[in-house]
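S.K.: Residue numbers (my numbering): 130 to 505. Virtual Cβ for every residue (Gly too), placed ideally from N, Cα, C.
#1: Given residue 289, which residues of its chain have a CB within under 7 Å of its CB, disregarding the five upstream and five downstream residues?
#2: Between the C-alpha atoms of residue 167 and residue 246, what's the straight-line distance to the nearest angstrom?
#3: What does a CB cutoff of less than 7 Å around residue 497 pick up in its chain, not counting 5 residues either side in sequence?
#4: On the three-state DSSP scale, how would you describe residue 397?
#5: So, for residue 493: in the same chain, excluding its five sequence neighbours on each side, which residues have a beta-carbon less than 7 Å away from its beta-carbon?
#6: Is any heavy atom of the ligand ADP found at a distance shorter than 8 Å from the C-beta of residue 191?
#7: Flag this pair as yes or no: are the beta carbons of residue 349 and residue 262 separated by less than 9 Å?
#8: Using three-state DSSP, classify residue 415 as helix, strand or coil.
#9: So, does the region 251 to 267 touch the region 167 to 185, judging by three or more C-beta pairs under 8 Å?
#10: Which parts of the region 295 to 373 are runs of the alpha helix (DSSP H), unbroken and 4 residues or longer, counting only runs that do not cross its ends?
#11: So, at 7 Å on beta carbons, what are the nonlocal neighbours of residue 287 in its own chain, with the 5 sequence-adjacent residues on each side left out?
#12: Within a Cβ cutoff of 7 Å, which residues of the same chain sit near residue 272, ignoring the five residues on either side of it in sequence?
#13: With DSSP collapsed to three states, give me the class of residue 475.
#14: Extract the residue ranges of the beta strand (DSSP E) inside the region 200 to 282, only unbroken runs of 3 or more that lie entirely within it.
#15: On the criterion of 16 or more Cβ atoms from any shown chain inside 10 Å, does residue 458 qualify as buried, or is it exposed?
#16: Taking DSSP as the reference, what is the three-state secondary structure of residue 160?
#17: Since residue 170 is in the beta strand (DSSP E), which residue starts that stretch and which ends it?
#18: What do you reckon, are the CB atoms on residue 205 and residue 390 nearer than 9 Å?
#19: For residue 181, which residues in the same chain have their Cβ closer than 8 Å to its Cβ, ignoring the five residues on either side in sequence?
#20: Residue 184 by DSSP, collapsed to three states: which one?
#21: Quick one: what's got a C-beta closer than 8 Å to residue 224's C-beta in the same chain, skipping five residues either side?
#22: Return the first residue and the last residue of the alpha helix (DSSP H) that residue 452 is part of.
#23: Alpha carbon to alpha carbon, how far is residue 380 from residue 451? Give it in angstroms, no decimals.
#24: From the DSSP output, in three-state form, read off residue 381 for me.
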C-alpha cells in the first residue's frame, strides 16, 4: 500500500532512524526503525477479529497498549496517529488528515524471543520461575470476567471446532482413527468437566488473561522474561480460565520437547496461586491449545499453493494433534516425598527429580507461607 511505502522512509517517522525494516502478518504491518517499532493494524475483518474501520483500529490500538502494559509497561509506549499530506504519509503530530493509528513500542531483537533462545540452546531454566512469578501476580490482579464468558459450552465449542477442521483433512495427511479418538475424548471430557468449569467461572477463575501465552510472545528484556502481544481483539479469547492461560505455555514447551521447563513454570505458578484444584483441567486445556495450533497449521496449509510448503504445514498439524492425543492417555498418579534437615538441599534434589520424573514440585515451606498469608 502507498501508506506503508511512504512510511518506510525514515523521514516520515517521529524518531531518528537510519532505515526502516518492514514485517508483515495477516493482521498487521510492523515498521522497525532505530530504537522503536510502529505497529499498524490492517483494515481486515475475519469474523473473530474486525479492524475494518478507522474507529475500530484506533480503539483496538488503545486497548492493545492498555492490556499489554499490565505485564510489559516497558515495551508499550503509546498510540500515535498516521497522517496524510498529499501523497506523503507520516506518523506523529502535525497537520494532515488522520488516516490510521499505530501502536508505538520499544524495539527488541528477535533473537531475544524465548523461542529463539530455546532453539539455539541459550536458555536459562530459571527464567521459567521468574516468568511464573510475573504471570501469577498478573492473574491475581486481572479483571474478573463479565457474566457469559468462559462457560463450559464455549470451551466445548472451541475444542470441537479444532477437531472439525482436522476431520476435513482425513485422507490428506491426517488419520481417521486419530481424529475419531480425539473427538470421542473431547466430547466425553468436556461433559465430565462441565460442572468444574462452571464452578471455577462462578468462583472468579475466568479473568482478563493474556490469551496467547507462548514462547514467541515472551521476550528477554533487560534480563527479565516479559510476556507481550496479548489478545485484545476478541473477548472470548481473552476472558478465559487462568489455567487455560498457563496451559498454552506448558503445551508449547511440551511441543518443543522441553516438558521439564513447563513443569518448572507450572510448579512456581501453582505455588504462588494455590490453584492446585485447577490441575483437573490441565489436560483438557493442553488438548485444546495443541488443537488450536494444529488447526492453524491446517488453515495455513489450505491457503498455500506450494506443495512442499503445504506438506510441511500438514506434518506440523499432525504433530500437534498427536500431542493432543498424548494428553488423553491415562497416567498413574505418583507421589515422591523428599525430606531432610534445613539447608540440606531438598529443593535442589526435588528439582532434579522433577525433571527426570516429569513431576510438579510442591514445597511445604512455601505452602505454609501461602496459607498463612491467606489467613493472617
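M.R.: Let me spell this out:
#1: Counting only residues of its own chain and dropping the five nearest sequence neighbours on each side, residue 289 has a CB closer than 7 Å to the CB of 315.
#2: For residue 167 and residue 246, the distance between alpha carbons rounds to 24 Å.
#3: No residues qualify anywhere along the chain.
#4: Correct three-state label for residue 397: helix.
#5: Cβ within range, chain order: n/a, list empty.
#6: Inclusion of the ligand ADP in the displayed structure is not the case, the ligand content being empty and no account of it being possible.
#7: Here residue 349 is not near residue 262, since their CB atoms are 9 Å or more apart.
#8: DSSP places residue 415 in helix when its eight states are reduced to three.
#9: The region 251 to 267 is not in contact with the region 167 to 185.
#10: With a minimum length of 4 residues, the continuous alpha helix (DSSP H) runs that stay inside the region 295 to 373 are 305 to 331, 364 to 367.
#11: Closer than 7 Å at Cβ, skipping near neighbours: 417.
#12: For residue 272, where only same-chain residues beyond five positions count, the Cβ hits under 7 Å are 336, 337.
#13: DSSP places residue 475 in helix when its eight states are reduced to three.
#14: Counting only runs of 3 or more, we get 205 to 214, 217 to 220, 226 to 235.
#15: Classification for residue 458: exposed.
#16: Residue state, collapsed to three classes: strand.
#17: Residue 170 -> beta strand (DSSP E) spans 165 to 170.
#18: Their beta carbons are not under 9 Å apart, which means residue 205 does not touch residue 390 by this criterion.
#19: Cβ neighbours of residue 181 beyond the five flanking positions: 172, 173, 174.
#20: Reduced to three states, the DSSP call for residue 184 is helix.
#21: Once the five neighbours on either side are set aside, the close Cβ partners of residue 224 are 212, 214.
#22: Taken as a continuous stretch (DSSP letters only), the alpha helix (DSSP H) holding residue 452 covers 436 to 455.
#23: Approximately 12 Å, taken between the alpha carbons.
#24: DSSP places residue 381 in helix when its eight states are reduced to three.
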